[in-house]
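Engineer:
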Amino acid sequence: MAAARQRGPRGSAVLELPRKPRLVCVEYPGLVRDVGAMLRTLGGEQGVSRIYADPAKRLELYFRPKDPYCHPVCANRFPTSTMLLRVTRRSRKKQQLDPEEQIQPEVQFEMEILGIVTTVYKFQGMSDFQYLAMHSGPDGKQTSMYDKVLMLKPEKEEFFNKDLPLYIPPPIFSRLDTPVDYFYRPDIQHRSGYNNPQVSGENLIGLSRARRPHNAIFVNFDDEEIPTKPLDAAVQNWKKVCTNPVDKKVEEELRKVCSRISVSISLPHLSESLKFPSSSYLYRLMAVALCHLHCFLCLSEREGNG
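If you number the sequence shown the way the working numbering does, the last residue is 308 and the count never jumps.
#1: Do Val75 and Asp36 have their CB atoms nearer than 9 Å?
#2: Are any of the Cβ atoms in chain D nearer than 9 Å to that of Asp234?
#3: Just to confirm the assignment, what range does the alpha helix (DSSP H) spanning Ser51 have?
#4: Would you call the stretch 131 to 149 in contact with the stretch 161 to 176, where contact means no fewer than 3 C-beta pairs closer than 8 Å?
#5: Leaving out five residues on either side along the sequence, give the residues of the same chain with a beta carbon under 6 Å from the beta carbon of Leu292.
#6: Can you tell me whether Val75 is helix, strand or coil according to DSSP?
#7: By Cβ distance below 6 Å, which residues in the same chain neighbour Thr90 in space, the five residues on each side in sequence not counted?
#8: Which residues mark the beginning and the end of the beta strand (DSSP E) in which Arg24 is found?
#9: Among Arg94, Thr121 and Leu86, which one has its Cα closest to the Cα of Ile115?
#10: Please report the distance separating the alpha-carbon of Val182 from that of Met128.
#11: Do Arg92 and Val119 come within 9 Å of each other at the CB atom, strictly closer than that value?
#12: Mapping DSSP to helix, strand and coil, what is Glu227?
#13: Quick one, are the C-beta atoms of Val122 and Phe162 less than 9 Å apart?
#14: Sort out for me which residues DSSP pairs Tyr2 with in a bridge.
#15: What is the rounded straight-line gap between the Cα of His192 and the Cα of Lys59?
#16: Mind the definition here: the stretch 38 to 47 touches the stretch 61 to 69 only if three or more C-beta pairs lie below 8 Å; say whether that holds.
#17: Just mark Arg257 as buried or exposed, buried being the case when its beta carbon has 16 or more other beta carbons within 10 Å.
#18: Got a sec, what are the start and stop residues for the alpha helix (DSSP H) Thr145 sits in?
#19: In whole angstroms, give me the CA-to-CA distance for Leu209 and Val151.
#20: Buried or exposed for Pro31, please, with buried defined as at least 16 other CB atoms from any protein chain shown within 10 angstroms of its CB.
#21: By Cβ distance below 7 Å, which residues in the same chain neighbour Glu227 in space, the five residues on each side in sequence not counted?
#22: Go through its chain and collect everything with a Cβ distance to Thr180's Cβ below 6 Å, but skip five positions before and after it.
#23: Provide the residue span of the beta strand (DSSP E) that contains Glu62, from first to last.
#24: Nearest CA to the CA of Tyr71: which residue from Ala55, Ala77, Ser146 and Arg52?
#25: Name the DSSP bridge partner or partners of Ile118?
#26: DSSP beta-bridge partners for Thr90?
#27: With a CB to CB cut of under 6 Å and the five nearest residues on each side skipped, what residues in its chain are close to Cys27?
#28: Note down, in chain order, each residue of its chain lying with its Cβ closer than 8 Å to the Cβ of Tyr148, except the 5 sequence neighbours on either side.
#29: In terms of alpha-carbon separation, which member of Asn78, Val34, Pro67 and Glu29 lies closest to Ile53?
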């Protein structure tokens with residue numbers, strides 16, 4: 003949309019701001035020589051439009067769009083209020099009458115506002131480490147393994163039974179794409195006489211954290227044997243807390259199969275981590291596993307009394 007150009011008081015141009023169109027700016031981290039190749043690294047026009055429709059998503063750039071193992075570079079979305087201008091410089095040489103006289107060409111600039119930029123995507127993070135599937139030969143020549151690893155079409159059973167090179171790259175190498183300051187903390191000063199525990203796999207928290215010891219018993223529905231008494235640790239924890247004679251009487255009056263609500267109401271002032279492991283066991287794979295508790299204490303006492 004061409005804008006009406008006028009002269010201001012000091013020779014500056016006065017342009018009329020158009021209402022349309024609204025544009026989106028992408029600060030591409032590279033020198034663009036082929037617009038089509040640049041759009042393919044961003045997922046095409048449809049991919050950019052899909053990301054723009056969701057303000058919470060980040061624009062991803064794949065430097066190798068045909069490589070499924072390529073780690074993208076992400077751009078953050080920011081609001082802006084800028085304009086896209088088209089500036090045209092026109093120069094016209096004047097007719098030279100005197101051959102010894104140097105005449106400066108007449109230069110004229112024309113400006114046109116193409117649109118208003120309301121959103122900009124900025125690539126502020128660093129690129130992640132890239133791992134290429136290459137095989138080094140005896141002569142040092144690098145050979146790509148993508149033809150052997152990638153399955154581009156439906157294959158027969160022989161394809162899955164033959165030996166293939168082991169290529170299992172991690173999904174990401176760096177969890178953060180921007181550098182952050184890490185503050186080293188001093189060692190914790192314990193009181194005298196404290197010994198640090200030995201470092202082993204049992205007291206280290208990994209990706210798959212072990213279940214915390216709560217002294218509860220879980221039984222599968224198809225198990226032939228069922229427990230008849232709680233764990234010793236659960237009994238010891240129960241004796242430390244259960245000192246009220248009313249709680250002991252309620253425990254003796256529990257039925258063989260009780261609901262969680264009934265046990266909670268019967269022993270309201272005690273923690274669930276104490277009263278459930280010491281008086282019952284649960285079924286894992288069962289429709290009522292989360293609703294009913296099977297009280298083995300009452301069962302064993304009644305069997306012992308005939």
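Even glycine gets a Cβ: it sits at the ideal position worked out from N, Cα and C. Since we're looking at a predicted model, the values are computed, not measured.
Structural biologist: Result, derived from the coordinates:
#1: no
#2: In summary, chain D is missing from the structure at hand, where a single protein chain is found.
#3: Gly46 to Ala55
#4: Verdict: yes, contact present.
#5: Caution applies to Leu292, whose pLDDT of 41 falls short of 50 and renders its modelled position unreliable; the model cannot decide the point.
#6: strand
#7: Around Thr90, the same chain offers Glu112 as residues with beta carbons nearer than 6 Å, after the five sequence neighbours per side are excluded.
#8: Arg24 to Glu29
#9: The candidate whose alpha carbon is nearest that of Ile115 is Leu86.
#10: 12 Å
#11: no
#12: In this structure, Glu227 counts as coil in the three-state DSSP scheme.
#13: no
#14: Since the first residue of the chain shown is 3 and the last is 308, residue 2 is not available in this structure.
#15: C-alpha separation (whole angstroms): 46 Å.
#16: yes
#17: Unreliable placement is indicated for Arg257, whose pLDDT of 48 sits below 50; the coordinate value is still reported in the next sentence. Exposed is the call here.
#18: That residue, Thr145, is in no alpha helix (DSSP H); its beta strand (DSSP E) goes Gln144 to Ser146.
#19: With a pLDDT of only 48 at Leu209, under 50, the local geometry of the prediction cannot be trusted, and the value read off the model is given with reservation. Going from the Cα of Leu209 to the Cα of Val151 covers about 28 Å.
#20: exposed
#21: none
#22: Gly127
#23: Where Glu62 is concerned, the enclosing beta strand (DSSP E) stretches over Leu61 to Leu63.
#24: Ser146
#25: Arg24 and Met85
#26: Glu112
#27: Val119 and Val122
#28: Asp69 and Ala135
#29: Asn78
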